[in-house]
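Student: The structure follows.
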Amino acid sequence: MLNKSFFIKILLLIVFVITFFIGVAIYSYVLARVQNSTIFFKFLDVIRVHSLAQILSFVWITSLPVLLAIYYYLFFGVIFKKYIK
Numbered sequence: 020m021l022n023k024s025f026f027i028k029i030l031l032l033i034v035f036v037i038t039f040f041i042g043v044a045i046y047s048y049v050l051a052r053v054q055n056s057t058i059f060f061k062f063l064d065v066i067r068v069h070s071l072a073q074i075l076s077f078v079w080i081t082s083l084p085v086l087l088a089i090y091y092y093l094f095f096g097v098i099f100k101k102y103i104k
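The opening residue of the sequence shown carries number 20 in the working numbering; numbering runs sequentially from there.
Right under this line is the structure:
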């Protein structure tokens, strides 16, 4: 028979996955709002670069693994060790 600790680990893993995707959705929404804001377009006019949207999309894609690593450390390094001993 499986012990109680196993079910808690599975439950925490499910919570980790769900909250990570919610975090990515919020991160994407905020980045899209910044990318479509008038301040962003004024910034593009000041620096005279009109293809910064592609660079910002590249930064978004490459920052997702960093976001996952930070979230993984916080979740499993702090929360997981606190509840599972």
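Backbone N, C-alpha and C fix where the C-beta goes; we use that ideal spot for every residue, glycine too.
Note that the structure is a prediction, hence the values are computed from the model and not measured.
Tell me whether arginine 67 sits in a helix, a strand or coil according to DSSP, three-state version.
Tutor: coil
Student: My parser needs the alpha helix (DSSP H) runs of 4 or more residues fully inside the region 37-98; what are they?
Tutor: 57-66 and 71-91
Student: Can you give the beta carbon distance from leucine 87 to phenylalanine 35, rounded, assuming they're within the 8 Å contact cut?
Tutor: Actually they do not touch by this definition, with Cβ atoms about 10 Å apart.
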